[in-house]
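1 is the number of the first residue of the sequence shown in our numbering; add one for each residue after it.
Let me begin by presenting the structure, written as structure tokens, before commenting on it.
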Amino acid sequence: MTDPLFPFPQAATRRMLDWTGARIADGPDPKHGAQSFAALEPALGGSITEGGMDPAQAFRLFTDTIVPSTRPFGHPTSLSFVASAPSRAALSFDAALGAAGIFAGNWDGGAGAIHAENQALRWLADLAGWPAQAGGVFVAGGTLGNLSALHAAREWRSGQGPRPDRWAILCSSEAHSSIMAVARVMDVDVIVVPADDTGRMDGDTAAASLTPAVFAIVANAGATNCGAVDDIAGLADLAEAHALWLHLDGAYGGAALADPGQRTLFDGIERAHSLIVDPHKWLFAPYDSCALVYRDAGHGAAAHGQQAVYLDTVDKTHWNPSDYALHLTRRARGLPLWFSLAVHGTRAYAAAIARTRSVADQIAAGIDALPGLELILGPQLTVILFRPVGMDEAQMVAWAEAHRRSGALLCLPTRWRGEMVFRLCIVNPETDPDQVLSVLGTLGA
Ligand SMILES: Cc1ncc(COP(=O)(O)O)c(C=O)c1O
Numbered sequence: 001m002t003d004p005l006f007p008f009p010q011a012a013t014r015r016m017l018d019w020t021g022a023r024i025a026d027g028p029d030p031k032h033g034a035q036s037f038a039a040l041e042p043a044l045g046g047s048i049t050e051g052g053m054d055p056a057q058a059f060r061l062f063t064d065t066i067v068p069s070t071r072p073f074g075h076p077t078s079l080s081f082v083a084s085a086p087s088r089a090a091l092s093f094d095a096a097l098g099a100a101g102i103f104a105g106n107w108d109g110g111a112g113a114i115h116a117e118n119q120a121l122r123w124l125a126d127l128a129g130w131p132a133q134a135g136g137v138f139v140a141g142g143t144l145g146n147l148s149a150l151h152a153a154r155e156w157r158s159g160q161g162p163r164p165d166r167w168a169i170l171c172s173s174e175a176h177s178s179i180m181a182v183a184r185v186m187d188v189d190v191i192v193v194p195a196d197d198t199g200r201m202d203g204d205t206a207a208a209s210l211t212p213a214v215f216a217i218v219a220n221a222g223a224t225n226c227g228a229v230d231d232i233a234g235l236a237d238l239a240e241a242h243a244l245w246l247h248l249d250g251a252y253g254g255a256a257l258a259d260p261g262q263r264t265l266f267d268g269i270e271r272a273h274s275l276i277v278d279p280h281k282w283l284f285a286p287y288d289s290c291a292l293v294y295r296d297a298g299h300g301a302a303a304h305g306q307q308a309v310y311l312d313t314v315d316k317t318h319w320n321p322s323d324y325a326l327h328l329t330r331r332a333r334g335l336p337l338w339f340s341l342a343v344h345g346t347r348a349y350a351a352a353i354a355r356t357r358s359v360a361d362q363i364a365a366g367i368d369a370l371p372g373l374e375l376i377l378g379p380q381l382t383v384i385l386f387r388p389v390g391m392d393e394a395q396m397v398a399w400a401e402a403h404r405r406s407g408a409l410l411c412l413p414t415r416w417r418g419e420m421v422f423r424l425c426i427v428n429p430e431t432d433p434d435q436v437l438s439v440l441g442t443l444g445a
């Protein structure tokens, strides 16, 4: 019997699981946040040595140094960027999933996990009104989802007729930065259509910008900066008239499909070709996860998938997630969403998304009523833009930093039509509108 190379006492595993349980129950500390290199280096620099260290000591580095120097996005007072609000069910399950060590790139490796992930994808496809041949895969994030969908779009369009010298994507001026990044990677041009005063792109304006180089229209299903949902029906008409692919970037806002009260915003989605939704944004799942769904999964499979002799033994008769995006090895990152949905049910999801919207409505109404604040836009989905009257940019930045540091509120500025304004994006149904408004009441005071 040889000595184990990586001894690790059971007691150490148990201590880590105890911490995990407490963290899931308590949630993150809102006062946590980034530290400088100089602050982190004394604790973490040199932590990898030839001889290794005691597991309790290494784990203490995680609990006492690493975690406190991260942003507490899962806290209900985190209302900047697009935060995260994982359910306790999803977080608990994610810890178990990590321990299971499942390879979910192909059916041979992860059949049960893939079957369950596909249940969650089917739920999204049903919300979109898509047929049985819809399907896809969970990828790491919205950027990779957009890239994978748009690669499939160009492959599909290439088979439809003559190819221009250069291809182009058409999208709104409010499209997420990842669309520009994807265009750079794909070496295609971007035709930017001006959005209206609410940040929405409509079909007629898009039609006026269309050129023969376009292979895909990207519609915002929840623009990150302002929450706008584009005129999906008008864009679907345009796509159909010109044999173009319609891709919906719902990384943030696609979750609202699950709320019957907001469903009409997405009318026309049934005619789109692909959709992304990030469960780590507003579907109460942990990082990192993006659901990429094709209305006809065959278009995804025609564009992706890798061939190699060592992969010849892979069972091609079943669902192989690696065939639907730009990746091969993957964890079953859609399973925490599946577990949370299975435990709580889709009705609870609809209610949680509706409640988040109601929280946003209450905060917007409160901003409108506060004397020092002017509501500019929203809520659109759950994004609100507002300005504090009489504060200059430096004062706004200082206010945001003070409240971030104290843990009272993460509310950072953005720009709207060139002006620095404050932006809130609410994805947590447990955000307390009164608490948020009491902090906002200090603005301009
Ligand atoms: C609308 C939209 N699309 C795409 C992305 C990119 O997603 P990810 O950060 O998961 O790559 C984001 C991220 O915030 C987003 O809001």
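The beta-carbon is built from N, C-alpha and C at its ideal position, and this holds for glycine as well.
Residues in the same chain with beta-carbon distance under 7 angstroms from G444, minus the five sequence neighbours each way, listed in chain order, please.
In the sequence shown, counting from the first residue as 1, residue 444 sits at position 444. Closer than 7 angstroms at the Cβ level, and outside the excluded window around G444, lie G372, L373, P388, V389, G390, M391.
Can you tell me the Cα-Cα spacing of A195 and V359, whole angstroms?
On the sequence shown, residue 195 is found 195 positions in, with the first residue counted as 1. On the sequence shown, residue 359 is found 359 positions in, with the first residue counted as 1. Using only the alpha carbons, I get a separation of about 26 angstroms.
Decide if the stretch 79-97 is in contact with the stretch 281-301; the criterion is three or more beta carbon pairs, one per stretch, under 8 angstroms apart.
Touching, yes, given that three or more Cβ pairs across the two stretches are closer than 8 angstroms.
If we count the other Cβ atoms within 10 Å of its Cβ and call it buried at 16 or more, is I48 buried or exposed?
For the purposes of this step, residue 48 is taken as the residue at position 48 of the sequence shown. Classification of I48: exposed, given that the 10 Å Cβ count is below 16.
Could you compute how far the alpha carbon of G27 sits from the alpha carbon of G253?
For the purposes of this step, residue 27 is taken as the residue at position 27 of the sequence shown. For the purposes of this step, residue 253 is taken as the residue at position 253 of the sequence shown. C-alpha separation (whole angstroms): 24 angstroms.
Taking Cβ to Cβ, would you say A152 is nearer than 8 angstroms to E270?
Position 152 of the sequence shown, counting from 1, holds the residue named residue 152. Position 270 of the sequence shown, counting from 1, holds the residue named residue 270. E270 is positioned such that its CB atom lies no closer than 8 angstroms to that of A152.
Please specify which runs of the beta strand (DSSP E), each continuous and at least 3 residues long, are wholly inside the stretch 249-330, giving them in chain order.
With a minimum length of 3 residues, the continuous beta strand (DSSP E) runs that stay inside the stretch 249-330 are 274-277, 290-294.
Compute the distance between the beta-carbons of A134 and R295, then report whether it is under 8 angstroms.
The residue labelled residue 134 in the question sits at position 134 within the sequence shown. The residue labelled residue 295 in the question sits at position 295 within the sequence shown. Contact: yes.
Look at the alpha carbon of D54 and the alpha carbon of P68, and state the distance between them as a whole number of angstroms.
As a working mapping, residue 54 is identified with position 54 in the sequence shown. As a working mapping, residue 68 is identified with position 68 in the sequence shown. Going from the Cα of D54 to the Cα of P68 covers about 21 angstroms.
Quick one: what's F138 bridged to in DSSP?
Counting from one through the sequence shown, the residue named residue 138 turns up at place 138. DSSP output for F138 lists A291 as bridge partner(s).
Give a single yes or no on whether N448 has its beta carbon closer than 7 angstroms to a heavy atom of ligand 1.
The first residue shown for the chain is 1 and the last is 445, placing residue 448 beyond what the model contains.
In terms of residues, what are the limits of the alpha helix (DSSP H) holding I179?
Against the sequence shown, residue 179 aligns to sequence position 179. From DSSP, the alpha helix (DSSP H) with I179 extends over 177-186.
Sorry if obvious, but does the Cβ on Y252 come closer than 7 angstroms to a heavy atom of ligand 1?
Looking up residue 252 in the sequence shown gives position 252. The closest heavy atom of ligand 1 lies less than 7 angstroms from the beta carbon of Y252.
Short of 7 angstroms in beta carbon distance, which residues of its chain neighbour L150, apart from the five on each side in sequence? Order them along the chain.
For the purposes of this step, residue 150 is taken as the residue at position 150 of the sequence shown. Here the set comprises I169, V182, M186, A216, H247.
Go through its chain and collect everything with a Cβ distance to A12's Cβ below 6 angstroms, but skip five positions before and after it.
Numbered from 1 along the sequence shown, position 12 holds the residue referred to as residue 12. Result list for A12: P55, in chain order.
Is N428 helix, strand or coil by DSSP?
Counting from 1 along the sequence shown, the entry for residue 428 is found at position 428. In this structure, DSSP gives N428 a state outside helix and strand, which the three-state scheme calls coil.
Please list the segments of the alpha helix (DSSP H) lying wholly inside the stretch 1-54, counting only runs of 4 or more residues, in order along the chain.
10-26, 37-44
If you run the structure through DSSP and keep just helix, strand and coil, what is M201?
Counting from one through the sequence shown, the residue named residue 201 turns up at place 201. In the structure shown, M201 sits in coil (DSSP, three-state: anything other than H, G, I, E or B).
Going by Cα to Cα distance, which pick from A332, G105, A302 is closest to A99?
Taking the sequence shown and counting its residues from 1, one reaches residue 99 at position 99. A99 has its Cα closest to that of A332, out of A332, G105, A302.
Hey, how far is the Cα of D18 from the Cα of L5?
In the sequence shown, counting from the first residue as 1, residue 18 sits at position 18. In the sequence shown, counting from the first residue as 1, residue 5 sits at position 5. Approximately 25 angstroms, taken between the alpha carbons.
Could you compute how far the alpha carbon of W130 sits from the alpha carbon of A291?
Taking the first residue of the sequence shown as 1, we reach residue 130 at position 130. Taking the first residue of the sequence shown as 1, we reach residue 291 at position 291. Distance between the alpha carbons of W130 and A291: 15 angstroms.
Exposed or buried, A221, counting other C-beta atoms within 10 Å across all chains shown (16 or more means buried)?
Counting from 1 along the sequence shown, the entry for residue 221 is found at position 221. Label assigned to A221: buried.
By the three-class DSSP mapping on this structure, what secondary structure does N106 have?
For this step, residue 106 is matched to residue 106 along the sequence shown. The answer is coil: DSSP assigns N106 none of H, G, I, E or B.
Please name the residue in G101, I384, G305 whose C-alpha comes closest to that of N320.
As a position in the sequence shown, residue 320 is number 320, starting the count at 1. Per the Cα distances, G305.
Is the stretch 173-182 touching the stretch 203-210, taking contact as three or more C-beta pairs under 8 angstroms?
no
Taking 7 angstroms as the limit between beta carbons, can you name the residues of its chain near A297, skipping five residues before and five after?
What you label residue 297 is simply residue 297 of the sequence shown in a count that begins at 1. If we look at A297 and ignore the five residues flanking it on each side, its Cβ neighbours are Q133, A134, G135, G136, Y324.
Helix or strand or just coil, what does DSSP make of M396?
In the sequence shown, counting from the first residue as 1, residue 396 sits at position 396. Helix, per DSSP.
For W338, which of A43, I24, F138 has the nearest alpha-carbon?
Taking the first residue of the sequence shown as position 1, residue 338 is located at position 338. Checked all of A43, I24, F138; the closest Cα to W338 is F138.
For the putative contact between P9 and T431, defined by C-beta atoms under 8 angstroms, what is the C-beta separation to the nearest angstrom?
Here residue 9 refers to the residue found at position 9 of the sequence shown. Here residue 431 refers to the residue found at position 431 of the sequence shown. A Cβ-Cβ separation of about 41 angstroms leaves P9 out of contact with T431 under the 8 angstroms criterion.
Under the rule that 16 or more other beta-carbon atoms within 10 Å means buried, what is R524, buried or exposed?
In the structure as shown, the chain starts at 1 and stops at 445, and residue 524 therefore has no counterpart that could be examined.
For P42 and H115, what's the separation of their Cα atoms in angstroms?
Indexing the sequence shown from 1 puts residue 42 at position 42. Indexing the sequence shown from 1 puts residue 115 at position 115. One C-alpha to the other measures close to 46 angstroms.
May I ask you to report which of helix, strand or coil DSSP gives G378?
Within the sequence shown, residue 378 is the residue found at index 378, counting from 1. Three-state DSSP puts G378 in a strand.
Tell me which residue opens and which closes the beta strand (DSSP E) that V190 is part of.
Taking the sequence shown and counting its residues from 1, the one referred to as residue 190 is at position 190. Note, V190: beta strand (DSSP E), 189-193.
Quick test of your reading: W416 and L385, contact by CB under 8 angstroms. State the CB separation rounded to the nearest angstrom.
Translated into the one-based positions of the sequence shown, residue 416 becomes position 416. Translated into the one-based positions of the sequence shown, residue 385 becomes position 385. About 5 angstroms; that satisfies the 8 angstroms criterion.
Rounded to the nearest angstrom, how far is the Cβ of G261 from that of A354, given a contact under 8 angstroms?
For the purposes of this step, residue 261 is taken as the residue at position 261 of the sequence shown. For the purposes of this step, residue 354 is taken as the residue at position 354 of the sequence shown. Contact flag correct, Cβ pair sits at about 6 angstroms.
Using a Cβ-Cβ cut-off of 7 angstroms (strictly less than) and excluding sequence neighbours within five positions of Q35, which residues of its own chain qualify?
Taking the sequence shown and counting its residues from 1, the one referred to as residue 35 is at position 35. Answer for Q35: S69, listed in chain order.
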